[in-house]
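J.: Encoded as structure tokens, here's the structure I'll be asking about.
There are 2 protein chains.
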Amino acid sequence: MANRIKVTFQPENRVVEAGPGETLLDVAALAGIYINSLCGGQGVCGKCRLKVLSGEVEFSSRGIGFLDRKEVDEGYVLACQSTLKDRDVEVWIPPESRREEEQILMVDNIVQYGAPSSQEAGAAPVPVPYYEPLCHKVFLKLPEPTLKDNLSDLERIYRALAQKFPDVKWEADFACLRNLARLLRDNHWEVTALVHALDSHCHHVRSLEPGDTTRNAYGVAVDVGTTTIVAQLVDLKSSQVVGVEASHNQQARYGEDVISRMIYACGHGGLDPLKNAVVTTINTLVNSLVAGAGIQHTDIISFVAAGNTTMTHLLLGLEPCTIRLEPYIPTATRIPWARAAEVGLTGHPDALLHCMPCVSSYVGGDITAGVLACGMNDSPQLSALIDIGTNGEIVVGNNEWLVCCSASAGPAFEGGGTKCGMRATKGAVQKVRIRGDRLEIQTIGGGKARGICGSGLIDCMAELVAEGIIDQSGKFVRLDHPRVREVDGVPEFVLAKETESETGEPVVITEDDIGNLMKSKAAVLAAMKVLLESLGLRFSDLDRLYVAGGFGAHLDIEKSIRIGLLPDVPREKVLFIGNSSLGGARQALLSTHAYRKANAIARQMTYFELSVHPGFMDEFVAALFLPHTDQSLFPSVQEALKNRQREEALLK
Amino acid sequence: MANRIKVTFQPENRVVEAGPGETLLDVAALAGIYINSLCGGQGVCGKCRLKVLSGEVEFSSRGIGFLDRKEVDEGYVLACQSTLKDRDVEVWIPPESRREEEQILMVDNIVQYGAPSSQEAGAAPVPVPYYEPLCHKVFLKLPEPTLKDNLSDLERIYRALAQKFPDVKWEADFACLRNLARLLRDNHWEVTALVHALDSHCHHVRSLEPGDTTRNAYGVAVDVGTTTIVAQLVDLKSSQVVGVEASHNQQARYGEDVISRMIYACGHGGLDPLKNAVVTTINTLVNSLVAGAGIQHTDIISFVAAGNTTMTHLLLGLEPCTIRLEPYIPTATRIPWARAAEVGLTGHPDALLHCMPCVSSYVGGDITAGVLACGMNDSPQLSALIDIGTNGEIVVGNNEWLVCCSASAGPAFEGGGTKCGMRATKGAVQKVRIRGDRLEIQTIGGGKARGICGSGLIDCMAELVAEGIIDQSGKFVRLDHPRVREVDGVPEFVLAKETESETGEPVVITEDDIGNLMKSKAAVLAAMKVLLESLGLRFSDLDRLYVAGGFGAHLDIEKSIRIGLLPDVPREKVLFIGNSSLGGARQALLSTHAYRKANAIARQMTYFELSVHPGFMDEFVAALFLPHTDQSLFPSVQEALKNRQREEALLK
Ligand code: FES
Ligand code: FES
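Top to bottom, those sequences are chains A and B.
FYI, the UniProt record's numbering numbers position 360 of the first sequence as 360, with every residue one higher than the one before it.
FYI, the UniProt record's numbering numbers position 228 of the second sequence as 228, with every residue one higher than the one before it.
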């Protein structure tokens, strides 16, 4: 290989190799890291600022006007105007240079599947090739037939495929035959097969196109959330993420929550508006992804969607009515593949849609995707997965069994149900630090505050109780704090005053907000405790705790434990994996094996019905305390609290 | 089982079991034997006459007026007015009670696959269930879901299917999900699955319909001949043939032979007219079958078509152009299944079309069907199959290898290229007997002669040479015979004079006709001889000789050998299997295993190119003699001839 340069991106600590002369903007895109580049890399928007931490790049004079003296001295450059020289470089991407969408989203710390070449190294314990996208493209350069080599056109294609993929049984759609004779002869016997890997042993040619189009093979992984829909564009050739977009689910106009949408769909409104709304939302995201990556819609040959059971049904145009009524039966849990065009998604005319399998009416494809993403089903260790959203979904198990339950957490963690709550998007307070009278807040995007997102609320609550501004029952006790005030008799903490906020309205957290948040976190913890106890287990038996959710880039694990949202387990056992629904969908996109594993997970997982469990309500009530009524469950939190109180007593 | 009565139908010697009270007409239909029943069994047309040979039936007085005294004494009854009593019966069906179509057709002596129940008896050596139609219906009575048994609708269907078919992996088309929730709940959880058996281990549900429709599951096997198209309606539940129809291929208007149709399709005419013509022909036959059986089009869930490579391409709307030009490449040989509706065939909207696999441009699905039908690929014995039509196709081999070749035989055997030639339909002379001045002819349908069909020509030629009316080179030598006359200097033999024929025109066989027939039979025998010799084999090495062709019900094996169309092998080794293309298609219709076997046959068979073989022309010339220039090749014919001459010398 020619002179390869290592480029390390911070804070992700992601390393990619590149060649001299490539721009940092391009190298970042290659690494799946998105840098704001409004002008498309022309050096005229100044949005793509990076800081060079070590090494050296060639920085063209073109962008210099966007940086001041001090910034230049600190090592800031514009990514699009900086080309690699011949030395390794380490750069840091400041928050303001992130694309806005990236911030709200949906980072997932899921292991990436390497492209085939990168797999060859280590000894794979998996019996089937791991990297084998559900749909991919194979270029075929066929030998021209002769009197001696007179296989039919289709058999010639099968033979070429079998040479590339021995041990695979090849089939073709009937439609492949139409005009095949001309296609081959008009294109010098060079065609690209769109291949659907039904499983590792049987692949299906869905269509054929002229020449070599294997460079244009993209897939879209979609997290079909009730509130937010996130779509990731994946280059199926390199297995790299090349774009991500998110937006509100347009279904919201027919009801905020799943239940009201089901009522709409099964009432006069009908199914169509809901189906169309989610399809339109996804198509809009796809449009942005296509424009952002500079590709064509027809380059997208594969979609994988992960959503809860109702969202999956609505996307597919299946009536969700029986999901809602006893005995709560979905039309399907493991979903047959569909043609994306048939469902209404815009991509290649022969693109396919696979849905992540659901377990039951209550446990959807988002959860099987989550299990797949964290890999708990592959490990003998006892793991738990908590996916925190409107529903707190919890899975406990290992490679032999999986049990899951679902607790209604309310909308607080997704920015609903609180006075200034908002989604984890630009302007949302995501980090809060209170030290005495001093307050520091950090917003997504770094600008003025517009509201508070889920992780901000958790941070804030943890700080308020640590500082003794609220007590362990969530009541305000330091009404004298300069940031505390009362409005209509309800105390509230002011994170940003009218003058400090983006909107001119104050950004606050009220005692009622804290009450709602308390219920949300109590529901999650109680659910987990009851589920574990029903299995004869305790928090301390867990070897691993995976936390997932659309909290933006970060969830502060320490603070989540301090408020009692997460159990008090050794911190090294806890791993925040971000949007695991999206991560699992992407895994399936890139690996038929993973998709089949998800189907096995769905069959294997048993559902534990929390609502009928007699102990749940008691546990819920006991958890309505910060961190918990039973202090012995949170020994490390108790310890820290005592230390703090000791410290304060000393200071006084 | 209740009191079962055996009914034997002659001349087929087919035995069926039935119960007291059933009419002979119904029982015959059950046996796949078609009896003319113009009035539909009302007893008012008198067409359904049968003769009771032994046993006794209850004959209602209703039909008595159609029979005269003598007939009643001889045991004639009307089938529709005769009900079984409690004794076994043997009946004979006179030719005039056959449906007209049945006479021209296409009898095939192929072993019938029994319905599942009849399989259970003997120890099957086949590792997979033999009776397992490519498409069939399965009725499912699902348990209503409860809180405890809360599988999704689709999983509930999978579970019920798995209970009926363990060891099968079940999948469903995405389209099955649409309205599935309503379908199940509106129909008391009773539905019928239309199942596509991809192979013995993987079945696909193509669609679901309300209630139990398993009674209405029919398939159509089609022999897509260049000249004649034959379609058979098969009850997939009982595996019985319940109807057969045939007609000219409407493509004939675009050219009589395959080559001229290819030229039309690839020239200005285009593919569409040819595709539409064959589809229309089949649909017309299907209409008759549907009307005849009193079923609905939507009861037809499966089509299997067998045709030569060009006919297969035209049916599927694939350009045949590359088949015709060097290096003679078809678009496909093994054909992916298609939706019948997509191809234009009328049946159930989800009916499928499977085509019998082709080997090459020259060896089509009709031949793989033939091999499948006679089963030569399953036997260690050395077998040959000769399919006599416009092309004489010959396959030689056993369970380890198969080699085939194709010789252009010309249209004589199909009724073309001779002065009074006609298809094997009503009025065709099919049997000829000449003894001195005496002439006996037998026509199909028993009426006056209209022309001569292939088997009639063979019969006639054999009689003429045996009687010494023509010599062994095919020249007329007995110009003094009362039935011989000369027209424009060409001698001809008169089978029916103007006054004896149906048309008022004489039915004759001319010296030129005999010359054409000679070329046809010479091509077939020479091809077979060259093929065998290229394999180091001789006629005497054959353990079995299967003869197939659309000759109507009978081909006289003895006479075929006497003229040298078939080699002079021990008669017990020769089996006439009729329309083996149709028979093989029906086997596939009834057995996924058989269809897969056909695909294996197509892959396994090698093609021997006769036209480039230097010895072929010499062999062809040597075979232009009755039976052959090399008399030692036909010892039994020589022997018979000598005996005959001795006898005659004695008589003189
Ligand atoms: S992308 Fe516009 S300045 Fe770099
Ligand atoms: S069918 Fe008409 S009389 Fe028997």
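The beta carbon of each residue, even a glycine, is placed where N, CA and C say it ideally should be.
Which of the three DSSP states, helix, strand or coil, is assigned to Ile229 (chain B)?
T.: DSSP places Ile229 (chain B) in strand when its eight states are reduced to three.
J.: Could you check how far apart the C-beta atoms of Ile434 (chain B) and Glu414 (chain B) are, in whole angstroms? I think they sit under 8 Å.
T.: The pair is not a contact, with the Cβ atoms about 24 Å apart (cut-off 8 Å).
J.: Start and end of the beta strand (DSSP E) containing Asn150 (chain A)?
T.: Asn150 (chain A) -> no beta strand (DSSP E), and no H or E assigned at all.
J.: Quick check on DSSP: helix, strand or coil for residue 661 (chain B)?
T.: What is shown of chain B runs 1 to 652, which leaves residue 661 (chain B) out entirely.
J.: Along the chain, where does the alpha helix (DSSP H) that runs through Arg69 (chain B) open and close?
T.: Segment Arg69 to Glu74, the alpha helix (DSSP H) holding Arg69 (chain B).
J.: Nearest-angstrom Cα distance between Gln103 (chain B) and Gly427 (chain B)?
T.: Residue placement at Gln103 (chain B) is poorly supported in this model, since its pLDDT is 40, which falls under 50; the coordinates still yield a value, given next. Between Gln103 (chain B) and Gly427 (chain B), the C-alpha separation is close to 10 Å.
J.: How big is the Cα-Cα spacing for Val432 (chain B) and His481 (chain B)?
T.: Computed Cα separation, rounded: 16 Å.
J.: Just the Cα atoms here: how many angstroms apart are Asn599 (chain A) and Pro357 (chain A)?
T.: Approximately 6 Å between the Cα atoms of the pair.
J.: Using the beta-carbon count (16 or more within 10 Å), is Glu58 (chain B) buried or exposed?
T.: By the neighbour-count rule (16 or more Cβ atoms within 10 Å), Glu58 (chain B) is not buried but exposed.
J.: Just checking: is the beta-carbon of Thr8 (chain B) within a distance shorter than 8 Å of some beta-carbon in chain A?
T.: Chain A, which has no Cβ nearer than 8 Å to the Cβ of Thr8 (chain B), makes this no.
J.: Give me the chain B residues within the contact set of Tyr218 (chain A), using Cβ-Cβ distance strictly less than 8 Å, ordered along the chain.
T.: What Tyr218 (chain A) touches in chain B: nothing, since even the nearest Cβ is about 22 Å away.
J.: Can you find the residues in the same chain that come closer than 7 Å, C-beta to C-beta, to Glu440 (chain B), ignoring five residues on each side of it along the sequence?
T.: Excluding positions up to five away in sequence, the list reads Arg433.
J.: Would DSSP call Glu326 (chain A) helix, strand or coil?
T.: Note: Glu326 (chain A) maps to coil in three-state DSSP.
J.: Determine, for Thr23 (chain B), whether the minimum Cβ-Cβ distance to residues of chain A falls below 8 Å.
T.: It does not; no Cβ of chain A falls within 8 Å.
J.: Assuming Glu502 (chain A) and Gly447 (chain A) make a contact with CB atoms under 8 Å, what is their CB distance in whole Å?
T.: Their Cβ separation, rounded to whole angstroms, is 6 Å, which keeps Glu502 (chain A) and Gly447 (chain A) in contact under 8 Å.
J.: Asp173 (chain B) versus chain A: which residues are under 8 Å apart at the beta carbon?
T.: Neighbours of Asp173 (chain B) on chain A, chain order: Pro336.
J.: For a contact meaning CB atoms closer than 9 Å, what does Asp153 (chain B) contact in chain A?
T.: In chain order: Thr322, Ile329, Pro330, Thr331 and Ala332.
J.: Counting only beta-carbon separations shorter than 8 Å, does His348 (chain A) have a partner in chain B?
T.: It does not: the Cβ of His348 (chain A) has no partner Cβ on chain B nearer than 8 Å.
J.: So, using beta-carbon positions, are Asp513 (chain B) and Lys573 (chain B) closer together than 8 Å?
T.: Cβ atoms of Asp513 (chain B) and Lys573 (chain B): not closer than 8 Å.
J.: List in chain order: all unbroken beta strand (DSSP E) runs of 3+ residues lying wholly within the segment 245-321 of chain B.
T.: 300-307, all fully within the segment 245-321 of chain B.
J.: Taking 8 Å as the threshold, find out whether the segment 134-146 of chain B comes into contact with the segment 588-603 of chain B through three or more Cβ pairs.
T.: Yes, the segment 134-146 of chain B touches the segment 588-603 of chain B.
J.: With 8 Å as the C-beta to C-beta threshold (strictly closer), list the residues of the segment 165-197 of chain B near chain A in chain order.
T.: For the segment 165-197 of chain B, which is checked against every Cβ of chain A, the residues closer than 8 Å are Glu171, Ala172, Asp173, Phe174, Cys176, Leu177, Arg178, Asn179, Leu180, Ala181, Arg182 and Arg185.
J.: Using the three-state DSSP reduction, which class does Pro506 (chain B) fall into: helix, strand or coil?
T.: Of the three classes helix, strand and coil, the one that applies to Pro506 (chain B) here is coil, per DSSP.
J.: Have a look at Leu198 (chain B) and Ser302 (chain B) and give me their C-alpha separation to the nearest angstrom.
T.: Leu198 (chain B) and Ser302 (chain B): Cα-Cα distance of roughly 13 Å.
J.: Considering only residues of the same chain and omitting the five flanking positions on each side of Arg273 (chain A), which have a CB-CB separation below 7 Å?
T.: Per the sequence presented here, residue 273 (chain A) reads as Pro, with Arg not at that position. Excluding sequence neighbours, Pro273 (chain A) sits near Tyr254.
J.: Would you mind reading off the limits of the alpha helix (DSSP H) that contains Glu56 (chain A)?
T.: Counting along the chain, Glu56 (chain A) falls outside any alpha helix (DSSP H), and DSSP gives it neither H nor E.
J.: I'd like the list of long-range same chain contacts for Leu532 (chain A), defined as Cβ closer than 7 Å, with 5 residues on each side in sequence excluded.
T.: The answer, listed in chain order, is Val396, Arg538 and Phe539.
J.: In three-state DSSP terms, what is Asn377 (chain B)?
T.: If DSSP states are grouped into helix, strand and coil, Asn377 (chain B) belongs with the helices.
J.: With H, G and I counted as helix, E and B as strand and the rest as coil, what does DSSP make of Glu467 (chain A)?
T.: Coil.
J.: Quick one: complete alpha helix (DSSP H) runs, 4+ long, within the segment 435-493 of chain B?
T.: The segment 435-493 of chain B contains these whole alpha helix (DSSP H) runs: 454-466.
J.: Would you mind working out which of B:Val195, B:Asn377, B:Ser360 and B:Met262 sits nearest Gly317 (chain B), comparing C-alpha positions?
T.: When each option's Cα is compared against that of Gly317 (chain B), the closest is B:Met262.
J.: Could you give the distance in angstroms between the alpha-carbon of Ser580 (chain A) and the alpha-carbon of Asn3 (chain A)?
T.: Straight-line Cα distance between these residues: approximately 37 Å.
J.: For chain A, find out if any of its Cβ atoms is closer than 8 Å to the Cβ of Asn150 (chain B); answer yes or no.
T.: Yes, Asn150 (chain B) counts as interfacial toward chain A.
J.: Reducing DSSP to helix, strand and coil, say where residue 654 (chain B) ends up.
T.: The question about residue 654 (chain B) has no answer here: the residues shown for chain B are numbered 1 through 652.
J.: Helix or strand or just coil, what does DSSP make of Gly43 (chain B)?
T.: In this structure, Gly43 (chain B) counts as coil in the three-state DSSP scheme.
J.: Quick one: Cα of Pro411 (chain B) to Cα of Gly46 (chain B), how far?
T.: Pro411 (chain B) and Gly46 (chain B): Cα-Cα distance of roughly 38 Å.
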